[in-house]
Amino acid sequence: MQASVGDKLLMHGRTVGQHDRTAEVLQVLGENGTPPYRVKFDDDGHEALMSPGPDTVVRHHPGAEAR
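Read in order, the letters of the sequence shown are residues 1 to 67 in UniProt numbering.
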């Protein structure tokens, strides 16, 4: 998995009734865009350090190819 600052991480709910969550990548702490990432969750605004699992998809920020 690779992400850049400004990308969104979409974490799919892992159980029935659990909603998907999105978070914006604030800082990439791994090499070449790899985890861990410092993120800010869209639903409640809290920040966390995370290493996304297989239930997470990267939504690249428009214009990320130019970076």
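Built from N, CA and C at the ideal position, the CB exists for glycine as well. The structure displayed is predicted, hence computed values, not measured ones.
Close-in-space but distant-in-sequence residues of the same chain around residue i (CB under 6 angstroms, 5 per side omitted)
i	result
Gln-27	Arg-38
Span separating the alpha-carbon of residue i from that of residue j
i	j	result
Val-16	Asp-55	14 angstroms
His-61	His-19	22 angstroms
Met-1	Asp-42	20 angstroms
Met-11	Val-57	7 angstroms
Nonlocal neighbours in the same chain, by C-beta distance under 8 angstroms from residue i, ignoring five residues either side
i	result
Thr-34	Met-1, Gln-2 and Val-28
Residues near residue i by beta carbon distance below 7 angstroms, same chain, minus five either side
i	result
Leu-49	Pro-36 and Arg-38
Lys-40	Ala-23, Glu-24, Leu-26 and Glu-47
Residue i - partner residues in DSSP beta bridges
i	result
Arg-21	Met-11
Leu-49	Arg-38
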